[in-house]
Amino acid sequence: MKTTKEFPFEKARRVSPKEVSAAQKAIEKKTGKKRRVRGRPTKLEEEKYIPTSIRLHPKVLAWAKREAKKKSTGYQSIINEFLLKKSV
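For the sequence shown, the numbering used here assigns the number 8 to the initial residue and increments by one for each residue that follows.
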């Protein structure tokens with residue numbers, strides 16, 4: 008089978024969540040290692056950000072984006088770091 012066009016998808020059956028779970032348990036048993044939990048770790052309540060919307064002067068936004076590009080991070084992180092420094 009060289010391409011996906013050759014696979015008869017209409018004849019294939021879906022794998023049930025029960026079968027997936029059984030396969031994962033079999034892999035863990037065979038390898039002797041617990042599978043790592045996928046996804047983002049949960050944050051503590053005090054670490055969670057509060058979604059908000061603010062209006063910024065275009066020069067402020069341009070500055071934040073320039074700084075973010077230098078540090079290879081997001082401009083919202085730059086604004087957040089700056090505000091945290093000023094508030095403490």
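Where a beta carbon is used, it is the ideal one built from N, C-alpha and C, also for glycine.
Going by DSSP, Arg43 is part of no alpha helix (DSSP H) at all; its letter is neither H nor E. In the three-state reduction of the DSSP assignment, Pro58 falls in the coil class. DSSP, read as helix, strand or coil, puts Lys32 in helix.
If you check the CB distance, Ile61 and Ala71 do not come in under 7 angstroms. Under the three-state reduction of DSSP output, Phe14 falls in the coil class, being neither helix nor strand.
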